[in-house]
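Note that full-length UniProt numbering has the sequence shown beginning at 1, numbered continuously upward. All C-beta atoms in this analysis are idealised placements derived from N, C-alpha and C, irrespective of residue type, glycine included. Because the structure is a prediction, the values reported are computed rather than measured. One structure is given here, and the rest of the page talks about it.
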Amino acid sequence: MRVLRAAGHFAVPEGEPNQYREHLRAADLSVGTYCIPVGGKDGQPAHGEDEVYVVVRGRARLVSETLDVAVGPGSVVYVPACEEHQFVEVSEDLSIVVVFGPAEQSPG
């Protein structure tokens, strides 16, 4: 067992771009925190892994081929592998715990 103490903490210095930090990597999953500051642009490509987003802090919209939804603290969203998606209209600094299954092939 491991406690992932840094998971979900906002870690983008003022004026810096988005940041992703991986906290755990195992054969079948990886866990990290994705942070986007207010007004930031989400430039991530579609991933080859399934993803679960757990919003810890902040507000935005998550837009994909199948859904356009407002997200905030407590939101949990599943995105299937290879589905294009973006966080848009980031109105409060976002801090999101991301679970990839299997482990993300190219973290960062």
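- Taking the Cα positions, aspartate 93 is about 24 Å away from glutamate 65.
- Distance from the Cα of asparagine 18 is smallest, within the candidate group Glu104, Pro37 and Glu83, for Pro37.
- According to DSSP, arginine 57 shares a beta bridge with Ser95.
- For the options Tyr53, Val71, Gly74 and Arg59, the alpha carbon positioned closest to that of alanine 81 is the one of Tyr53.
- Shortest Cα-Cα distance from phenylalanine 10 to any of Gln44, Gln86, Leu29 and Pro73 involves Pro73.
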